Amino acid sequence: MRILVAPDSFKGTAAAIEVAEALAAGWKAVRGNDDIVLLPQADGGEGTLSAVAASASWQWHQTVVDGPDGGTVSARWLLDCGGRHPRAVVELAESSGIALMSRLDPWRADSRGLGQVIGAALRAGAWSVQVGLGGSASTDGGAGALMALGLKAFDSHGHPIGAGASGLRDVDRVEVDGLTQLPPGGVEILVDTAAPLTGPHGAAAVFGPQKGAVPSDIALLDEGLLRWSRALRAAGLHADPAFPGAGAAGGAGFGLLAWGAAVASGSERIATITGLYDHLPHTDLLITGEGRFDGTSWTGKLVGHLLTAADRAGVPALVVAGQVTAEADGSTLSLTELAGSADAAMTDPRRWLRAAGSVAARRFEPGSVTRAAVAGGQ
Numbered sequence: 001m002r003i004l005v006a007p008d009s010f011k012g013t014a015a016a017i018e019v020a021e022a023l024a025a026g027w028k029a030v031r032g033n034d035d036i037v038l039l040p041q042a043d044g045g046e047g048t049l050s051a052v053a054a055s056a057s058w059q060w061h062q063t064v065v066d067g068p069d070g071g072t073v074s075a076r077w078l079l080d081c082g083g084r085h086p087r088a089v090v091e092l093a094e095s096s097g098i099a100l101m102s103r104l105d106p107w108r109a110d111s112r113g114l115g116q117v118i119g120a121a122l123r124a125g126a127w128s129v130q131v132g133l134g135g136s137a138s139t140d141g142g143a144g145a146l147m148a149l150g151l152k153a154f155d156s157h158g159h160p161i162g163a164g165a166s167g168l169r170d171v172d173r174v175e176v177d178g179l180t181q182l183p184p185g186g187v188e189i190l191v192d193t194a195a196p197l198t199g200p201h202g203a204a205a206v207f208g209p210q211k212g213a214v215p216s217d218i219a220l221l222d223e224g225l226l227r228w229s230r231a232l233r234a235a236g237l238h239a240d241p242a243f244p245g246a247g248a249a250g251g252a253g254f255g256l257l258a259w260g261a262a263v264a265s266g267s268e269r270i271a272t273i274t275g276l277y278d279h280l281p282h283t284d285l286l287i288t289g290e291g292r293f294d295g296t297s298w299t300g301k302l303v304g305h306l307l308t309a310a311d312r313a314g315v316p317a318l319v320v321a322g323q324v325t326a327e328a329d330g331s332t333l334s335l336t337e338l339a340g341s342a343d344a345a346m347t348d349p350r351r352w353l354r355a356a357g358s359v360a361a362r363r364f365e366p367g368s369v370t371r372a373a374v375a376g377g378q
């Protein structure tokens, strides 16, 4: 029997590879002769580099860049020179992520480090670059990233604007003559949200609070993003602020779209890069998982995407989650239920992931596990 274990990370609790290894260990304890393939996944955010690095001939690189709070950080990225054209994968969270902030600062945090890492990849010869957007600290519309790539932005007095969202409120015009050109193979941003740049469903309104913005900040942050979009358009950098994904990573999606990048589903691209679609036809059971499995898991998130892919391939699927809050059939396992409480599950997640793997191995018989029937998931 062939089992494909392809979970997302349990954010703040366990990395995707740790989840996969624990589930596999639990399964092996019960059914030691089964063939288990580990393919940890990601959606463009946390864990993207680790998921990608497990496949093909990727090489790790590190570049010292400006962090989101003005300090310096050593950001990792990947380069694959094994094919016809060198390709790079960059993860925003490595250089400009919220986890790098000692204190949340919605106005001064910026994305400059992201642009510096992209620049390093281009100087290393990358023919194409894929950028995972997720876990950002800023709401600067990608201004920092573009300025690191050579764009210049000025206020009405001709002075360079400040860093972060605070600078966007002053932006009057931009100069693009020095902006680095896209590589021959282009730049693709990997997103897990369809949020537009501005408005009630935009970068500031939806994601600002988790970056430290209080209610009175939201309208002002939104105003700055709007000014930024108008300044870019006036300089000939055209991107639609309403385009799905423009609001990703505090509007960094919009900034990179204006540069000329394309947008793609992070879940779909990572599944392609890791070879998941090639494995599915030869799989007897897919085990995936995330920290919380609920109705939103079907709205573009990784686990919903994998369940849909398994369903189309006719492969039974099982979801293991820290918490299961939506109605589902027998194809889910909750660590909270296994451990007796959410606190117990989070205190020793690997123990309960191993337990879930063992329960799954005892439960599963060919044809007995089907896609979770979550409301709205059909």
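Oh and the sequence shown: position 247 is 247 in full-length UniProt numbering, straight run, nothing missing. In this text, a Cβ means the ideal position worked out from N, Cα and C, and glycines have one as well. From a predicted model like this one, the values you see are computed outputs, not experimental measurements.
Pull up the distance between the alpha-carbon of Ala356 and that of His238, whole angstroms please. If I take the Cα positions, the gap works out to 49 Å.
Run through the segment 266-326 for me and flag every whole beta strand (DSSP E) of 3 or more residues, listed as ranges in chain order. 285-293 and 317-324
Please tell me whether Gly144 and Ser138 are closer than 8 Å, where the distance is taken between their beta carbons. yes
Any contact between the segment 121-136 and the segment 84-95? By contact I mean 3 or more CB pairs, one from each, below 8 Å. yes
Between Asp343, Leu333 and Ala342, which has its C-alpha nearest Ala360's C-alpha? Leu333
For Pro209, does the three-state DSSP call read helix, strand or coil? In the structure shown, Pro209 sits in a helix (DSSP, three-state: H, G or I).
For Asp172, three-class secondary structure by DSSP: Of the three classes helix, strand and coil, the one that applies to Asp172 here is coil, per DSSP.
Counting pairs of Cβ atoms below 8 Å between the segment 226-238 and the segment 74-81, do you hit three or more? no
Return the chain-ordered ranges of every alpha helix (DSSP H) run that is complete within the segment 25-70 and spans a minimum of 4 residues. 48-53
What whole-angstrom Cβ distance do Val37 and His279 have, given they're in contact under 8 Å? 6 Å
When you compare only the Cα positions, how much space is there between Asp222 and Leu286? 41 Å
Span of the alpha helix (DSSP H), counted from its first residue to its last, around Gly250: Ala248 to Trp259
Between the alpha carbons of Ile273 and Pro160, how many angstroms are there, rounded? 40 Å
Assess, as a yes-or-no matter, whether the segment 250-268 is touched by the segment 281-298 under the definition of 3 or more beta carbon pairs within less than 8 Å. no
Along the chain, where does the alpha helix (DSSP H) containing Trp352 start, and where does it finish? First-last of the alpha helix (DSSP H) with Trp352: Pro349 to Arg363.
Which one of Glu290, Ala309, Gly314 and Leu307 has the shortest CA to CA distance from Ser9? Comparing Cα positions, the closest option is Glu290.
On the CB-based measure, 16 or more other CB atoms within 10 Å of its CB, does Gln116 come out buried or exposed? buried
Check Asp329 in the structure and name its three-state DSSP category. Reliability of the predicted coordinates at Asp329 is poor, the pLDDT of 47 falling under 50, and no value is obtained from them.
Looking only at DSSP bridge pairs, what is Ile3 linked to? Ile36 and Leu285
Measuring alpha carbon to alpha carbon, tell me which of Ala219, His201 and Gly260 ends up nearest Pro183. Gly260
Let me know if Gly141 comes out buried or exposed under the rule of 16 or more other beta-carbons within 10 Å of its beta-carbon. buried
Closest by CA to Thr288, which one among Leu256, Gly322 and Arg269? Gly322
Once DSSP output is grouped into helix, strand and coil, what is the label at Ser74? strand
What is the residue span of the alpha helix (DSSP H) that Arg112 lies within? Arg112 to Arg123
Taking the alpha-carbon positions, what's the Pro215 to Ala246 distance? 22 Å
CB contact check: Ala360 to chain C, cutoff 8 Å: Judged by its chain identifiers, the structure shown contains no chain C, having just a single protein chain.
Counterpart residues of Glu188 in DSSP-defined beta bridges: Gln130 and Ala262
Excluding the 5 residues flanking Gly231 on each side, which residues of the same chain have their C-beta closer than 8 Å to its C-beta? A quick correction: the sequence has Ala, not Gly, at residue 231. Taken in chain order, the residues that qualify are Ala153, Val171, Asp172, Arg173 and Val174.
Judging by CA-CA distance, which residue of Ala20, Gln181 and Ala213 is the nearest neighbour of Arg103? Ala213
Beta-carbon separation of Leu256 and Val206 under 8 Å? no
Which listed residue (Ala109, Ile17, Ser74 and Gly32) has its alpha carbon closest to that of Ser55: Ile17
Alpha carbon of Gln378 to alpha carbon of Leu197, nearest angstrom: For Gln378, the predicted structure reports a pLDDT of 31, less than 50, and the residue's modelled location is therefore unreliable. A value from the coordinates is still provided. One C-alpha to the other measures close to 29 Å.
Shortest alpha-carbon distance to Ala204 belongs to which of Ser297, Ala248 and Asp155? Ala248
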